[in-house]
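To get this note's numbering, take the position in the sequence shown, counting from 1, and add 24. Note that beta-carbon positions come from the ideal geometry of N, C-alpha and C, so glycine has one too.
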Amino acid sequence: MGGQSESVVNNVLIQMARSFLQYVSESSPWVRLEAVSIGEQLNILAARQRQDVADLAEFLAQREYFIDFGSFPTEYTDLQFLSLNSLFERLHHSQALICDLIDRSVAQLRGAGDEQAAGLMAAVDVRQKEITQGLKELDRELNSVASA
């Protein structure tokens, strides 16, 4: 494949490894005592995303491709010491961008004839869409706790 497929996979890996979900998970946002379990559930979603990153990294390593894990965008550094509730809009947006990128990547990999990479990416797509749904559920739950 000449590295083109691997580059597509690595780009998705970077976006997930340095997603806003990962940043929020590492920054430990403030949550009300009644919502601590929601913060813990968010960390579980982030761990599931990290597992997809690990799967993509393993795929690239098997193909002996240099793996770039990227870095967090600098605009995230202003988002410290905030409540989890204030971060959900950006979490939803970031996750939607990741899912859109994965959808395009699956099509691109299939178009290039790399069914192995496309199959892996399609499986990642399903799991990332589950994370998207999980974020929506956590947002609703957090809003119900906040209004109680």
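Buried or exposed (CB count within 10 angstroms, at least 16 for buried), residue i
{"i": "V148", "result": "buried"}
{"i": "I126", "result": "buried"}
{"i": "S31", "result": "exposed"}
{"i": "Q46", "result": "buried"}
{"i": "N167", "result": "exposed"}
{"i": "S110", "result": "exposed"}
{"i": "A170", "result": "exposed"}
{"i": "V150", "result": "exposed"}
{"i": "Q157", "result": "exposed"}
Residue from the options whose Cα sits closest to the Cα of residue i
{"i": "M40", "options": "E165, A70, A131", "result": "A70"}
{"i": "D163", "options": "Q104, S171, F112", "result": "F112"}
{"i": "W54", "options": "V33, I68, S95, L108", "result": "L108"}
{"i": "V48", "options": "S129, A141, I62", "result": "I62"}
Start and end residues, alpha helix (DSSP H) containing residue i
{"i": "I38", "result": "28 to 41"}
{"i": "I91", "result": "First-last for I91: undefined, no H or E at that position."}
{"i": "L84", "result": "60 to 86"}
{"i": "S118", "result": "112 to 135"}
{"i": "L108", "result": "Taken as a continuous stretch (DSSP letters only), L108 belongs to no alpha helix (DSSP H), as it is neither H nor E."}
{"i": "Y100", "result": "Here Y100 belongs to no alpha helix (DSSP H), and DSSP marks it neither H nor E."}
Whole-angstrom distance between residue j and residue i, CA atom to CA atom
{"i": "A136", "j": "A146", "result": "15 Å"}
{"i": "L37", "j": "V77", "result": "5 Å"}
{"i": "L66", "j": "S43", "result": "13 Å"}
{"i": "F93", "j": "L84", "result": "12 Å"}
{"i": "V60", "j": "R72", "result": "19 Å"}
{"i": "R56", "j": "K153", "result": "27 Å"}
{"i": "E139", "j": "D79", "result": "16 Å"}
{"i": "L103", "j": "D124", "result": "24 Å"}
{"i": "E58", "j": "S52", "result": "16 Å"}
Heavy atom of the ligand SAM within 7 Å of residue i beta-carbon
{"i": "S61", "result": "No copy of the ligand SAM appears in this structure; indeed no ligand is present at all."}
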